[in-house]
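*Asks:*
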Amino acid sequence: MPLKKLQLKPGVNRENTRYTTEGGWYESDKVRFRQGMPEKIGGWERISANTFLGVCRSLWNWITLGGQNLVSVGTNLKYYLERGGQYYDITPIRTTTAAGDVTFAAVNGSSTLTVTNVSHGALLGDFVTFSGAVTLGGNITAAVLNQEYEISTVLTDDTYTVAAKDTAGVTVTANALDTGNGGASVVGAYQLNTGTATAVPFTGWGAGPWGLGTWGYSQTSSSAIRLWSQSNFGEDLVFAYRGGPLCYWAASSGTTDRGNIINLTNYPSSVDVPTITNIVSVSDIFRFVFAFGTNVIGSATQDPMLIRWSNQENAFDWSVTATGTAGSLRVSHGTEIIAVVQARQEVLVWTDSALYSMQYLGGDIVWNAQLMGDNISIASQNATAYAGSTAYWMGRDKFYRYDGTVMTLPCNVKRYVFNDINTAQFNQVVSGTNEGFNEVWWFYCSDGETAVDRYVVYNYLEDIWYYGNLARTAWLDSGLRDRPIAATYNNNLVDHEKGNDNKETAVTAAITASITSSEFDLDDGHSFVLINRMLPDVTFDGSSAANPAAIMTISPMANSGSGYNSPLSEGGNSAATVTRSATVPIEQFTGQVYLRVRGRQVAFKMESTAEGVAWQLGSPRLDMRPDGRR
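For the numbering used here, add 601 to where a residue sits in the sequence shown, where the first one is 1.
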């Protein structure tokens, strides 16, 4: 028989059985396609040894007029600016007490400090910075007290606890001399309330572990994870978390200064600024600041479908006058605005059931919203990606695209993804583009998991799909930075498409990459075929290892659907000859390998598990001969 060339269709198909998708690929992990051929994806490396607090859900990159290349990092605990591998905390202060409003109490032999501050408004995990305190008399010195603390427990509306520490973060235990209260000049500066990293199933009374806190004090919890939005107003930054106030950071203040809530206290010239919003954005051309899912002027009640915008060229003036340009509109389809994307000459607005296009009209109307699609869905605030002139997003049961018209995106892994996803953690879905490879990535929590662990990729140039296992909580494409940047659960950022290995930590680890074909017939699938030789056709260009290698596996089947290495023949005799797989190493200069594999159908797998390996698979060929029907 002539050599059989394995020319498989690009992309992965999980919509049918393995045999039905004959001639294609069925499983993948950390493999992409380039011009129809599978190859291992690039590696990643942390940008520095420094870390941030919390789980990052938002990344934003811009360059200031002074040439500083900044990335904002929004986590469930804080908001940072990254520059040169350093993370600068710019989380705004929610409130600052008057001197003497805060007192401390310590217990001999304990590191727990009880803080009294009437109507503190703090939540578990919030951060507060104390100043003006004096020693309690013993180990709890002024230096111990006058620093930033994370709140350990909330006891009542007026009291909470923190764990005493020195300036190096080492726990400090009070002694018998610590009988003071910190003096009459203590000031507490409370940062914005923190949020959750995963969705909480229940909220309100009874939420949280039994017995948490003081009896009769209802713990406040949220089912929604902390999600940030941000945009540039010139070189400055406007940002907000979902359900929080508008905040502003001025580039002229430098990375060592915090952002500020936009209110009369911090900006006396501000007028009618929204006090609560779900998403903030700035129009690219006309310089309006938008608040989506916000409050009506004069009301503290949030309307999740209301859109307001500031006066043009003024982030602090939201007053609606006959001569001004500030205004508002309310979209009607749906119950809540979920996501916003600044597109070409329009602002795309997703509710939980519709897509709107906002366009600038000027005049008395200023901005108008046109319904572009109804009866659709979207997984999360971060489930959208914009590439070229097309928006892509993950819904709750399918994928979509918009290029002037809303369309369902055909997907060969749809059933696999949506049967696998944890629907209770839809809000954790995050997307991003990797335009160097014409890809849109979505990261999500698999079924039963509360942390992101899977991804699915759409290659919009080749119109194919593939998937794998990888934990990323935020993504930012290359542009102002040389490579795509992603956030990890190790509380750092990593450069993607750098090298061949996993350098997320100080210890380099290999990236396991594999791709497995569907079953395909040998000959006509009627008779057994013996495979005795394979010509692999693999290139290892780009490898850093001295002797790069991969593993090829041929898994035969006695019959389609019988399972690999099945001991059962056609007649069901368990004593029949067992079909066996052949696993062979493929090195840089391997021209052919000899093996003995017998079956009616086979599946083909390519895998690499070593450090420093890069590979691309071509068209392997099999040397076969007929071997009878039995």
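Backbone N, C-alpha and C define an ideal beta-carbon position, used for all residues, glycine too. All values derive from a computational prediction rather than experimental measurement.
For the candidate residues N1070, Y849, C848 and G655, whose alpha-carbon lies nearest to that of L1094?
*Replies:* For the purposes of this step, residue 1094 is identified with residue 493 of the sequence shown, where counting begins at 1. Nearest option by C-alpha distance: G655.
*Asks:* Report the start-end ranges of each beta strand (DSSP E) in the region 616 to 649 that is 3 residues or longer and not cut off at the edges.
*Replies:* Runs of the beta strand (DSSP E) inside the region 616 to 649: 626 to 630, 632 to 635, 638 to 641 and 645 to 647.
*Asks:* Using only CA atoms, which one of N617, K1099, V941 and R1199 lies nearest to K641?
*Replies:* Here residue 641 refers to the residue found at position 40 when the sequence shown is read from its first residue. Comparing Cα-Cα distances from K641 to each of N617, K1099, V941 and R1199, the minimum goes to K1099.
*Asks:* Taking its Cβ as the centre, do 16 or more other Cβ atoms sit within 10 Å of T1051, making it buried, or is it exposed?
*Replies:* As a first step, residue 1051 is located in the sequence shown; it is residue number 450 there, counting from the start. Exposed.
*Asks:* With T795 and N677 assumed to form a contact (beta carbons below 8 angstroms), what rounded beta-carbon distance in angstroms separates them?
*Replies:* In the sequence shown, residue 795 corresponds to position 194, counting from 1. In the sequence shown, residue 677 corresponds to position 76, counting from 1. T795 to N677, Cβ: 6 angstroms. Contact.
*Asks:* Check for me: the alpha helix (DSSP H) holding Y1017 runs from which residue to which?
*Replies:* Residue numbering aside, residue 1017 sits at position 416 when the sequence shown is read from its first letter. Taken as a continuous stretch (DSSP letters only), the alpha helix (DSSP H) holding Y1017 covers K1015 to D1021.
*Asks:* Should N709 be labelled buried (16 or more other beta-carbon atoms within 10 Å of its own) or exposed?
*Replies:* For the purposes of this step, residue 709 is taken as the residue at position 108 of the sequence shown. When all chains shown are included, N709 counts as exposed.
*Asks:* Residues bridged to N969 by DSSP?
*Replies:* The residue labelled residue 969 in the question sits at position 368 within the sequence shown. Answer by DSSP bridge pairing, in chain order: Q960.
*Asks:* Looking only at its own chain, which residues have a Cβ that is under 6 angstroms from the Cβ of T762, when we skip the five neighbours before and after it?
*Replies:* Start at 1 with the first residue of the sequence shown, and residue 762 comes out as number 161. Closer than 6 angstroms at Cβ, skipping near neighbours: T713, T715, S753 and T754.
*Asks:* Roughly how far, in whole angstroms, is the beta-carbon of S720 from the beta-carbon of W829, given that I think they are within contact range, below 8 angstroms?
*Replies:* Taking the first residue of the sequence shown as 1, we reach residue 720 at position 119. Taking the first residue of the sequence shown as 1, we reach residue 829 at position 228. The Cβ separation is near 27 angstroms, so there is no contact.
*Asks:* Are the beta-carbon atoms belonging to V883 and F834 less than 9 angstroms from one another?
*Replies:* As a working note, residue 883 is residue 282 in the sequence shown. As a working note, residue 834 is residue 233 in the sequence shown. Contact flag set, yes.
*Asks:* Within 10 angstroms of its Cβ, does S673 collect 16 or more other Cβ (buried), or is it exposed?
*Replies:* As a first step, residue 673 must be located in the sequence shown, where it is residue number 72. With 16 or more Cβ atoms within 10 Å of its Cβ, S673 is classed as buried.
*Asks:* Using a 10 Å radius around the Cβ and a threshold of 16 neighbouring Cβ atoms, would you call E1105 buried or exposed?
*Replies:* The residue given as residue 1105 occupies position 504 in the sequence shown. So E1105 ends up on the buried side.
*Asks:* So what's A1150 in DSSP terms, helix, strand or just coil?
*Replies:* The count along the sequence shown starts at 1 and reaches residue 1150 at position 549. If DSSP states are grouped into helix, strand and coil, A1150 belongs with the strands.
*Asks:* Determine the burial state of M1207: buried for a count of at least 16 other Cβ atoms within 10 Å of its Cβ, exposed for fewer.
*Replies:* To locate residue 1207, count along the sequence shown from 1; it is residue 606. By the neighbour-count rule (16 or more Cβ atoms within 10 Å), M1207 is buried.
*Asks:* Between I1086 and G644, which are expected to be in contact by the criterion C-beta below 8 angstroms, what is the C-beta distance as a whole number of angstroms?
*Replies:* For this step, residue 1086 is matched to residue 485 along the sequence shown. For this step, residue 644 is matched to residue 43 along the sequence shown. 14 angstroms between Cβ atoms; not a contact.
*Asks:* Could you have a look at T922 and say whether DSSP puts it in helix, strand or coil?
*Replies:* Along the sequence shown, read from residue 1 onward, the residue named residue 922 stands at position 321. In this structure, T922 counts as coil in the three-state DSSP scheme.
*Asks:* Measuring CB to CB, does Y1068 end up less than 9 angstroms from V1057?
*Replies:* Looking up residue 1068 in the sequence shown gives position 467. Looking up residue 1057 in the sequence shown gives position 456. In this structure, V1057 lies closer than 9 angstroms to Y1068 by Cβ.
*Asks:* Return yes when the Cβ of N670 is within less than 9 angstroms of the Cβ of L1081, no when it is not.
*Replies:* Numbered from 1 along the sequence shown, position 480 holds the residue referred to as residue 1081. Numbered from 1 along the sequence shown, position 69 holds the residue referred to as residue 670. Their beta carbons are under 9 angstroms apart, which means L1081 touches N670 by this criterion.
*Asks:* With distances taken between CB atoms, is the gap from A984 to N1039 smaller than 9 angstroms?
*Replies:* Sequence index remark: in the sequence shown, residue 984 carries index 383 (1-based). Sequence index remark: in the sequence shown, residue 1039 carries index 438 (1-based). No, the pair does not count as a contact, with Cβ atoms beyond the cut-off.
*Asks:* Please report how far the alpha carbon of R1226 lies from the alpha carbon of V1203, in whole angstroms.
*Replies:* Indexing the sequence shown from 1 puts residue 1226 at position 625. Indexing the sequence shown from 1 puts residue 1203 at position 602. Going from the Cα of R1226 to the Cα of V1203 covers about 14 angstroms.
*Asks:* Tell me whether F887 sits in a helix, a strand or coil according to DSSP, three-state version.
*Replies:* By 1-based counting over the sequence shown, the position of residue 887 is 286. DSSP places F887 in coil when its eight states are reduced to three.
*Asks:* In this structure, does DSSP put Q1029 in helix, strand or coil?
*Replies:* Within the sequence shown, numbered from 1, the residue matching residue 1029 stands at position 428. It is helical.
*Asks:* What is the DSSP secondary structure of S823, counted as helix, strand or coil?
*Replies:* Start at 1 with the first residue of the sequence shown, and residue 823 comes out as number 222. Low confidence applies to S823: its pLDDT is 45, below 50, so where it sits in the model is not reliable enough to give any reading.
*Asks:* Using three-state DSSP, classify L725 as helix, strand or coil.
*Replies:* The count along the sequence shown starts at 1 and reaches residue 725 at position 124. Correct three-state label for L725: coil.
*Asks:* Measure the C-alpha to C-alpha separation of T866 and G845 and round it to an integer number of angstroms.
*Replies:* Taking the first residue of the sequence shown as position 1, residue 866 is located at position 265. Taking the first residue of the sequence shown as position 1, residue 845 is located at position 244. Spanning the two alpha carbons is a distance of roughly 17 angstroms.
*Asks:* If you compare alpha carbons, which of T1109, C1012, E1212 and Y993 is closest to G1005?
*Replies:* Numbered from 1 along the sequence shown, position 404 holds the residue referred to as residue 1005. Answer by Cα proximity: Y993.
*Asks:* Using only alpha-carbon positions, find the residue among G784, G783 and E749 that is nearest to G770.
*Replies:* Locating residue 770 in the sequence shown gives position 169, where the first residue counts as 1. G770 has its Cα closest to that of E749, out of G784, G783 and E749.
*Asks:* Leaving out the 5 sequence neighbours to the left and right, which residues in its chain are closer than 7 angstroms to E589 when beta-carbon positions are compared?
*Replies:* Absent from the structure is residue 589, since the part of the chain shown begins at 602 and ends at 1231.
*Asks:* Where T1034 and V1041 are concerned, what is the direct C-alpha to C-alpha distance, given to the nearest angstrom?
*Replies:* Against the sequence shown, residue 1034 aligns to sequence position 433. Against the sequence shown, residue 1041 aligns to sequence position 440. Using only the alpha carbons, I get a separation of about 4 angstroms.
*Asks:* Would you decide whether T856 is buried or exposed? Buried here means 16 or more other CB atoms lie within 10 Å of its CB.
*Replies:* In the sequence shown, residue 856 corresponds to position 255, counting from 1. The residue in question, T856, is buried, as its Cβ has 16 or more Cβ neighbours within 10 Å.
*Asks:* Helix, strand or coil for G781 per DSSP?
*Replies:* Counting from 1 along the sequence shown, the entry for residue 781 is found at position 180. The answer is coil: DSSP assigns G781 none of H, G, I, E or B.
*Asks:* Could you tell me which of G1037, T652 and R684 sits nearest to W661, measuring between CA atoms?
*Replies:* Indexing the sequence shown from 1 puts residue 661 at position 60. Nearest of G1037, T652 and R684 to W661, Cα basis: R684.
*Asks:* Alpha carbon to alpha carbon, what distance is there between F634 and E1188?
*Replies:* In the sequence shown, residue 1188 corresponds to position 587, counting from 1. In the sequence shown, residue 634 corresponds to position 33, counting from 1. So the alpha carbons of these two residues sit roughly 21 angstroms apart.
*Asks:* From the DSSP output, in three-state form, read off L1218 for me.
*Replies:* Taking the sequence shown and counting its residues from 1, the one referred to as residue 1218 is at position 617. Strand at L1218.
*Asks:* Can you give me the C-alpha to C-alpha distance between R840 and A901, rounded to a whole angstrom?
*Replies:* To locate residue 840, count along the sequence shown from 1; it is residue 239. To locate residue 901, count along the sequence shown from 1; it is residue 300. Note that residue 840 is Phe in the sequence shown, not Arg. Cα to Cα, F840 sits roughly 19 angstroms from A901.
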